[in-house]
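Numbering (full-length UniProt numbering), first residue to last: 1 to 305. Ideal Cβ placement from N, Cα and C applies to all residues, glycine included. Heads up, the thing below is written out as structure tokens.
Below is the structure:
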């Protein structure tokens, strides 16, 4: 008599024999492949001889579910194989999203479910803008991945933002829709300057170029551009050429300016002294001549002053 046989692995005792607790000499027990395995050779039975079972020669290997098929615009990760118990994971290409389960398992009956699909990512209907219009749009119910939407503004309005927005792989546009606004800058008032380029009215990105009149120097940039928040850089000014355009900040600079003023004062004093000396010399000569003629006598003297 033999006990209930057990060989483990990928074989199982038949349903009839699994209910028996003992087997008399000369009886046999039948085995089959476990779930997910298929017979590839050997005998399915063993025999009880003198209290011992004969060797089981049944050979079982895993079932194969076969290739899952082609996933358009995507691929499967088959690193676990395609045999019983394997799991394959589906991934879609950029700009596509998976519809259905993203994985399949190889079961005894085959793949666990039907293949998923990869569908192109779609973006919502593009927004309309005030004082503008959409000039380029795909002829579809909804824009799809990489589709371009282009906007334009009505005459007299400036487009603020991106004129083109693109449907991204996340189902959103890469930028918000632009705005159409009236952008203008006031006519610059710059005393002692003339405009050499750019005429009003000044709209967005308009350029104006100025230069100072003779005898004046410009403080700031001669070229200014009308931007969203006004002129950039700031409107320049024209100051008299003799007027300092900077403020002294160091002791050395202050001393230098003081020295220049002292030099000018000394020079003026020198000129004044020379003039006074010349006048005194003229009066002295006049006095000498007067005395000389008076001493001679008889000669009339005519003042030449």
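Inter-residue spacing [alpha-carbon to alpha-carbon] between residue i and residue j
{"i": "residue 167", "j": "residue 156", "result": "29 Å"}
{"i": "residue 144", "j": "residue 98", "result": "15 Å"}
{"i": "residue 44", "j": "residue 56", "result": "7 Å"}
{"i": "residue 14", "j": "residue 64", "result": "23 Å"}
{"i": "residue 322", "j": "residue 271", "result": "Outside the modelled stretch of the chain, which goes from 1 to 305, sits residue 322, for which no answer is possible."}
{"i": "residue 264", "j": "residue 274", "result": "Low confidence applies here, because residue 264 scores a pLDDT of 44, under 50, leaving its location unreliable; read the following figure in that light. Their Cα atoms are separated by approximately 16 Å."}
{"i": "residue 212", "j": "residue 229", "result": "25 Å"}
{"i": "residue 8", "j": "residue 31", "result": "11 Å"}
{"i": "residue 346", "j": "residue 202", "result": "Here the chain has residues from 1 to 305 only, and residue 346 is not among them."}
{"i": "residue 84", "j": "residue 70", "result": "20 Å"}
{"i": "residue 111", "j": "residue 118", "result": "18 Å"}
{"i": "residue 20", "j": "residue 27", "result": "12 Å"}
{"i": "residue 1", "j": "residue 42", "result": "24 Å"}
{"i": "residue 247", "j": "residue 132", "result": "For residue 247, the pLDDT reaches just 42, beneath the cut-off of 50, and the residue's location in the model is therefore unreliable, although a value from the coordinates is still provided. Rounded to the nearest angstrom, the two C-alpha atoms are 50 Å apart."}
{"i": "residue 52", "j": "residue 80", "result": "40 Å"}
{"i": "residue 106", "j": "residue 87", "result": "6 Å"}
{"i": "residue 207", "j": "residue 142", "result": "41 Å"}
{"i": "residue 232", "j": "residue 92", "result": "49 Å"}
{"i": "residue 257", "j": "residue 242", "result": "Caution is warranted here: a pLDDT of 37 is assigned to residue 257, below 50, making its placement in the model unreliable, and no coordinate value can be reported."}
{"i": "residue 135", "j": "residue 82", "result": "51 Å"}
{"i": "residue 278", "j": "residue 192", "result": "44 Å"}
Given residue i as reference, the closest of the options once Cα atoms are compared
{"i": "residue 130", "options": "153, 124, 138", "result": "153"}
{"i": "residue 200", "options": "212, 183, 214, 215", "result": "183"}
{"i": "residue 10", "options": "17, 202, 100, 61", "result": "61"}
{"i": "residue 170", "options": "147, 27, 127", "result": "147"}
{"i": "residue 33", "options": "277, 108, 93", "result": "108"}
{"i": "residue 128", "options": "118, 150, 114", "result": "150"}
{"i": "residue 67", "options": "104, 159, 37, 28", "result": "104"}
{"i": "residue 29", "options": "36, 237, 54, 96", "result": "54"}
{"i": "residue 95", "options": "180, 278, 17, 73", "result": "73"}
{"i": "residue 226", "options": "23, 198, 22", "result": "198"}
{"i": "residue 116", "options": "76, 123, 85", "result": "76"}
{"i": "residue 113", "options": "100, 123, 124", "result": "100"}
{"i": "residue 311", "options": "12, 179, 123", "result": "What is shown of the chain runs 1 to 305, which leaves residue 311 out entirely."}
{"i": "residue 37", "options": "140, 17, 12", "result": "12"}
{"i": "residue 180", "options": "160, 125, 4", "result": "160"}
{"i": "residue 205", "options": "284, 22, 165, 158", "result": "158"}
Extent of the continuous beta strand (DSSP E) run through residue i
{"i": "residue 98", "result": "96-99"}
{"i": "residue 151", "result": "148-153"}
{"i": "residue 176", "result": "Per DSSP, residue 176 belongs to no beta strand (DSSP E) and is neither H nor E."}
{"i": "residue 240", "result": "237-240"}
{"i": "residue 60", "result": "59-62"}
{"i": "residue 90", "result": "87-92"}
{"i": "residue 75", "result": "74-77"}
{"i": "residue 223", "result": "223-227"}
{"i": "residue 197", "result": "193-197"}
{"i": "residue 49", "result": "45-49"}
{"i": "residue 31", "result": "28-33"}
{"i": "residue 208", "result": "207-212"}
{"i": "residue 125", "result": "Counting along the chain, residue 125 falls outside any beta strand (DSSP E), and DSSP gives it neither H nor E."}
{"i": "residue 112", "result": "Where residue 112 is concerned, there is no enclosing beta strand (DSSP E), given that its DSSP letter is neither H nor E."}
{"i": "residue 120", "result": "117-120"}
{"i": "residue 106", "result": "103-107"}
{"i": "residue 219", "result": "216-219"}
{"i": "residue 18", "result": "That residue, residue 18, is in no beta strand (DSSP E); it is neither H nor E in DSSP."}
{"i": "residue 135", "result": "132-136"}
Residue i vs residue j beta-carbon contact at 8 Å
{"i": "residue 235", "j": "residue 190", "result": "yes"}
{"i": "residue 47", "j": "residue 59", "result": "no"}
{"i": "residue 177", "j": "residue 224", "result": "no"}
{"i": "residue 102", "j": "residue 121", "result": "no"}
{"i": "residue 217", "j": "residue 196", "result": "no"}
{"i": "residue 220", "j": "residue 237", "result": "yes"}
{"i": "residue 50", "j": "residue 17", "result": "no"}
{"i": "residue 140", "j": "residue 126", "result": "no"}
Closer than 7 Å: residue i CB and nearest the ligand ATP heavy atom
{"i": "residue 74", "result": "No copy of the ligand ATP appears in this structure; indeed no ligand is present at all."}
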